[in-house]
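Undergrad: If you use this note's numbering, the sequence shown closes out at 769, no skipped numbers anywhere. C-beta: ideal position from N, C-alpha, C; glycine also. Next up is a structure, given as structure tokens.
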Amino acid sequence: MPHRLEIALKPEMFDAEGESIRLKAKNYFGIEFAKVRTVSIITIDAALTKDELNLIQTAIFTNPVTQISSFTPLTIDFDWIIWVGYKPGVKDNPGSTAVEAIEDVIGSKFSRSFKKGEAVYTSKRYCLKGHNLSYANIEKIARQLLSNDIIQQTKIYSKTDWNDSEGIGYIIPKVVLNHVPTISTISIKSDKILKEVSDKRNLALNPNDIPAIRSYFLRKDVLAARALEGLSEPTDIELEYICQARSDHCNHNTFRGLFHSTDLETGHTETVDNLFKTCIEEPTLYLKGKKPWVVSVLWDNAGAGFFDDDNYYVITGETHNSPSNMEAYGGAITGIVGVYRDPLGTGKGSKLIMGSYGFCVGHRDYNGPLIPHLHPRRLLDGVIEGVRDGGNKSGIPTPFGQVLFHHGYMGKCLVFVTALGIMPSKIKGDPAEQKQTSPEDIVVMCGGRVGKDGIHGVTASSEVFSENTPAGHVQIGDPYTQKKMHDFLLEARDEGLITFITDNGGGGLSSSIGESARDSNGCEIELDRVPLKYEGLDQWEIWVSESQERMTVAVKPEHFDRFLELSAKHAVESTAIGKYTDSGKLHIKYNNKTCAYVDMDLLAVGFPQWEFDALWQPPEMRGLHEPVITEPEDYNKLLIDILSRPNICSKEWICRQYDHEVQGGSVIKPLVGKERDINSDAVVIRPVLASKKGIAFSQAILPMYSAIDASHMTSCTIDEAVRRLICVGGNIDHIGGVDNFCWPNIQYH
């Protein structure tokens with residue numbers, strides 16, 4: 021029988037969350053409440069005794085000084101009630117943490133742990149008081165302020181609907197998949213059929229890649245080898261793997277494309293072959309040769325630079341736009357904890373030392389005819405909160421960030437996240453930045469479990485955001501689980517137990533194992549060994565799921581027992597799911613039956629280069645001209661006008677939500693000035709507390725320049741970021757840059 025514990029502040033206590041909701045309802049929608057009180061609900065789906073329930077009520081969930089709680093509905097005055105809880109399958113982080121806490125408490129006294137299928141679910145009840153409130157008012161608050169229907173479910177109760185003895189009842193959002201996992205084969209009779217499959221499954225497959233896929237699976241040698249494994253046409257897991265690996269998100273097909281450039285003013289034409297190679301890789305490697313402090317670039321999850329004789333610093337950045345646009349909080353927290361895993365998966369692992377953010381959204385006071393899925397005001401609130409929880413709850417400082425308002429981001433926001441780490445230059449005498457998988461290394465997945473959340477993240481991110489963008493790639497990051505995994509992996513690293521490590525981000529196991537197996541030239545995976553959040557997932561879903569807080573680690577057989585011992589010490593789940601080989605094949609089994617068998621070099625040969633037409637128009641041909649600036653009549657009024665603009669005014673209210681002092685390394689703070697209310701040009705942190713050497717960090721974003729010239733925009737952005745560093749004493753001879761580019765839809769041939 022399930023149990024429901026309701027927890028609320030004592031009536032005389034100020035409800036800060038409720039007051040925040042009351043003010044937002046008034047300021048955002050003009051709906052006035054006299055009072056809003058919040059009730060936290062813990063639903064325990066486990067067979068616990070009365071003594072066990074009483075113990076966890078008092079020992080875990082109730083502060084006797086400030087809170088009241090009851091296993092029956094709390095009596096709180098209201099005119100309307102809104103209940104909000106997660107939908108089945110959405111990660112309930114507080115619920116997972118509650119399970120651990122309950123097991124710790126009742127395990128020590130009653131020797132009791134949760135059984136398979138038992139769980140804890142969290143939700144909230146909002147008690148609203150006010151005059152002349154209509155159902156439409158309450159529904160608007162429920163849908164546009166308190167919940168997001170992509171990940172949450174709601175219920176609305178009026179006074180007459182509410183039953184004092186039953187309350188909300190027992191709502192158990194358990195995932196029950198009445199489905200036996202199956203492997204499907206995909207017809208490759210024609211390009212048209214394969215294109216239809218791609219569209220139906222949201223695979224974002226380039227039509228020009230389809231003939232290459234069909235050609236491979238129709239080769240006689242491939243057919244013969246597959247027949248020995250009981251396979252013929254490609255399976256769904258094989259097609260999903262190919263589409264993940266060939267997605268623009270993972271393979272950077274646009275940057276690696278062939279561009280036919282035409283200057284429409286002069287008629288000059290030029291062909292640029294592979295922007296990544298010519299404009300990024302070659303100049304970066306050239307500069308690396310001239311800068312001895314550059315340790316590692318371009319090939320790993322993050323770049324590494326020399327910090328001191330004993331340590332390297334590690335830095336990377338990425339965007340998380342599409343998920344944040346659909347579910348602001350979940351997209352942003354997944355983005356920041358995801359980018360944190362990149363330094364952790366660089367070399368043999370780095371300790372995380374800071375994060376930063378950059379948000380580009382529409383204006384908060386927008387009140388026009390276009391109604392996006394999330395209003396810019398709510399979207400910004402959500403991404404601020406997501407990055408805040410991702411850093412604050414992981415013990416990682418977030419000392420720097422930027423926010424830009426522009427109507428161009430109404431359709432799709434931009435969410436930039438950056439992470440820095442520090443790693444020793446040597447581990448057991450070996451270079452820490454080097455890693456490689458070898459035949460017979462054990463493939464270990466550690467951290468969180470696999471579910472349906474996050475499926476098709478890389479393919480969704482490789483397409484234009486639209487009403488057809490799948491919501492399945494939206495998920496909620498879990499900083500608590502990741503923090504435990506971070507500490508465990510650093511201890512395993514220091515003992516020399518890690519041969520290779522990378523994160524399970526975009527593409528999940530498909531990406532992490534598919535890419536790492538290139539070193540050894542093969543792998544054999546037992547997919548049925550992968551820990552799942554719930555039963556019923558098809559094999560392809562297990563393979564490409566992007567469920568968060570997971571790393572793939574290569575461990576030597578002789579080190580595996582000690583690796584598991586440390587994993588248990590930190591309460592982190594680690595599972596051997598296969599081994600690396602030198603077979604030349606990506607070989608995946610499920611219950612000893614082969615479900616994928618493809619050549620490791622499949623993706624390196626045979627696929628065409630994407631091609632693009634690039635047309636350059638000078639600003640004048642696009643109707644852009646330098647403005648005629650006249651002498652202002654009132655400089656005081658002009659100054660006040662400038663200072664009140666959203667992109668100029670203080671962002672202190674955002675900055676102060678982020679913990680920049682955790683770890684104790686903050687030197688130059690994010691806020692400066694007499695009252696500490698002005699954003700600093702840059703920050704300085706001290707990652708090694710015993711050292712007086714620091715890292716200066718800045719960033720810049722100037723998208724308005726791109727309307728005139730994207731090249732000048734890039735130059736000006738770099739110039740501003742460098743000048744910011746100089747302002748805090750940065751060494752101009754030791755500046756490394758991480759760039760991220762976002763652009764509207766690009767049409768390939």
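#1: Does the separation of the CB atoms of LEU166 and ILE102 fall below 9 Å?
#2: With a Cβ-Cβ cutoff of 9 Å, do TYR500 and GLY109 count as a contact?
#3: Taking the alpha carbon of THR63 as the reference point, which residue from ASP97, TYR190 and TYR155 has its own alpha carbon closest?
#4: Looking only at its own chain, which residues have a Cβ that is under 6 Å from the Cβ of TYR177, when we skip the five neighbours before and after it?
#5: If the criterion is Cβ atoms closer than 9 Å, does the pair ASP679 and ASP256 meet it?
#6: Since LEU709 contacts HIS506 with CB under 8 Å, what's their CB separation in whole angstroms?
#7: What would DSSP say about GLN788, mapped onto helix, strand or coil?
#8: For GLY127, does the three-state DSSP call read helix, strand or coil?
#9: Return the first residue and the last residue of the alpha helix (DSSP H) that PHE580 is part of.
#10: Would you check if the distance between the CB atom of GLU285 and the CB atom of GLN637 is smaller than 9 Å?
#11: Quick one: Cα of VAL758 to Cα of ASN321, how far?
#12: So, at 7 Å on beta carbons, what are the nonlocal neighbours of ASP362 in its own chain, with the 5 sequence-adjacent residues on each side left out?
#13: Within a Cβ cutoff of 8 Å, which residues of the same chain sit near ARG384, ignoring the five residues on either side of it in sequence?
#14: Rounded to whole angstroms, what is the Cα-Cα separation between ASP328 and ILE715?
#15: Per DSSP, what kind of secondary structure is VAL618 in: helix, strand or coil?
#16: Using the C-alpha atoms, what's the distance from THR734 back to PRO303?
#17: Going by the CB atoms, is the gap between ILE728 and LEU635 shorter than 9 Å?
#18: Any chance you could list the alpha helix (DSSP H) runs of at least 4 consecutive residues sitting entirely within the region 241-302, in chain order?
#19: Could you spell out the range, first to last residue, of the alpha helix (DSSP H) harbouring SER344?
#20: Please give me, in chain order, every unbroken run of the alpha helix (DSSP H) with length at least 4 that falls completely inside the region 519-574.
#21: In or out: ASN226 buried (at least 16 other Cβ within 10 Å) or exposed?
#22: At which residue ranges does the region 343-377 contain complete alpha helix (DSSP H) runs of 4 or more residues, listed in the order of the chain?
#23: Around the C-beta of ALA67, are 16 or more other C-beta atoms found within 10 angstroms, so that it is buried, or is it exposed?
#24: Assign ARG384 to one of three DSSP states: helix, strand, or coil.
#25: How do the region 216-225 and the region 259-273 stand: do at least 3 beta-carbon pairs fall below 8 Å, yes or no?
#26: Are the CB atoms of TRP560 and ILE230 within a distance shorter than 9 Å?
#27: Would you report the Cα separation of GLN264 and SER531, rounded to the nearest angstrom?
#28: What's the gap between the Cα of ASP753 and the Cα of VAL704?
#29: Please name the residue or residues paired with LEU165 in a DSSP beta bridge.
#30: For ARG221, which of helix, strand or coil comes out of DSSP?
#31: What is the rounded straight-line gap between the Cα of ALA247 and the Cα of GLU631?
#32: From SER475 to GLY378, what distance separates their C-alpha atoms?
#33: Check each candidate in THR180, ILE192 and LEU259 and name the one with the smallest Cα separation from SER822.
#34: Using CA atoms only, rank isn't needed, just tell me which of ILE158, SER567 and GLY598 is closest to VAL573.
#35: Would you check if the distance between the CB atom of PHE436 and the CB atom of THR291 is smaller than 9 Å?
#36: Assign GLY468 to one of three DSSP states: helix, strand, or coil.
TA: Well, looking at it:
#1: yes
#2: no
#3: TYR190
#4: ILE101
#5: no
#6: Wrong, their Cβ atoms sit about 18 Å apart, outside the cutoff.
#7: With the chain covering 21 to 769 only, the question about residue 788 has no answer from this structure.
#8: helix
#9: 580-589
#10: yes
#11: 12 Å
#12: ASN321, ALA322, THR336, ALA439 and ASP523
#13: PRO396, ARG397, LEU400, PHE425 and PRO666
#14: 11 Å
#15: strand
#16: 15 Å
#17: no
#18: 256-266 and 268-271
#19: 341-346
#20: 528-540 and 559-564
#21: buried
#22: 348-364
#23: exposed
#24: coil
#25: yes
#26: no
#27: 7 Å
#28: 17 Å
#29: Note: LEU165 sits in no beta bridge, so no partner.
#30: helix
#31: 36 Å
#32: For the record, residue 475 in the displayed sequence is Ile; it is not Ser. Taking the straight line from one Cα to the other gives about 25 Å.
#33: Only positions 21 to 769 of the chain appear in this structure, which leaves residue 822 out of reach.
#34: GLY598
#35: no
#36: coil
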